[in-house]
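Numbering (the working numbering), first residue to last: 1098 to 1367.
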């Protein structure tokens, strides 16, 4: 101080030019990718094709957020709508085939998530944490993973396909039981809550996971915690030393699901 008007002007111009340059670069890059994305939508024929396309659309969502050109964002939304329609047709044509036990050319679905992706990661004398964040999308995960990159040396990503319906009652119970909902309802009716029942539909996840381990003859030392409010979160923090002695610790978070339903009266949001 004192600051000359020209100095202020230079700083403002620098900031504005930087935004303009970012917008121009992002817009130019997306224009080059537009045709390729359209080709991917029209030619995607396997679940691997669709996961690659999904990653690319999520990437461009993030990139175009930095742009001040609303036109490109609108074009991307049109491509996403086109992809959604094509993906719906893909699921209609393939989903029932994935449910056949003899089909080996299928993605990891909810019932096989633990056995295919989690149990193989369990090592002796090394505690593993399985954290399930209900209703989280890939773009939300990308934001969190960017924050985690400074803590972990490597972060590996993979995508699985939820069963249908993908709502919590079906998909989450299926993950912990390692079974399709119809099988849970038939073989363990006491652990399945019908649609018209008033009680919570995910009240028996701990029991379903226990039955999963028994069925596979896995003798793990484990814990299960569901965090739906700040008090439950504090209790889990206090239990961390004892949890580190377990083979696997399951933590279920509901906060994204709460946000999506706009339950603003919830203490965990405040």
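Backbone N, C-alpha and C define an ideal beta-carbon position, used for all residues, glycine too.
- CA-CA distance, residue 1280 to residue 1200, rounds to 18 Å.
- Short of 6 Å from the beta carbon of residue 1141, and not among the five residues preceding or following it, lie these beta carbons of its own chain, in chain order: 1147 and 1150.
- Of the residues 1343, 1357, 1347 and 1354, the one whose Cα lies closest to the Cα of residue 1223 is 1343.
- About 48 Å separates the beta carbons of residue 1231 and residue 1105, which is beyond the 8 Å limit, so they are not a contact pair.
- Runs of the alpha helix (DSSP H) lying entirely within the region 1310 to 1355 and spanning at least 4 residues, in chain order: 1327 to 1340.
- Rounded to the nearest whole angstrom, the C-alpha separation of residue 1235 and residue 1099 is 48 Å.
- Beyond the five residues adjoining it in sequence on each side, residue 1341 comes within less than 6 Å, by CB distance, of 1224 in the same chain, given in chain order.
- If you check the CB distance, residue 1144 and residue 1198 do not come in under 7 Å.
- In this structure, residue 1109 keeps its C-beta atom at 7 Å or more from the C-beta atom of residue 1210.
- By the beta-carbon neighbour count (other beta carbons within 10 angstroms, threshold 16), residue 1123 is buried.
- A direct Cα-to-Cα measurement between residue 1154 and residue 1267 gives close to 27 Å.
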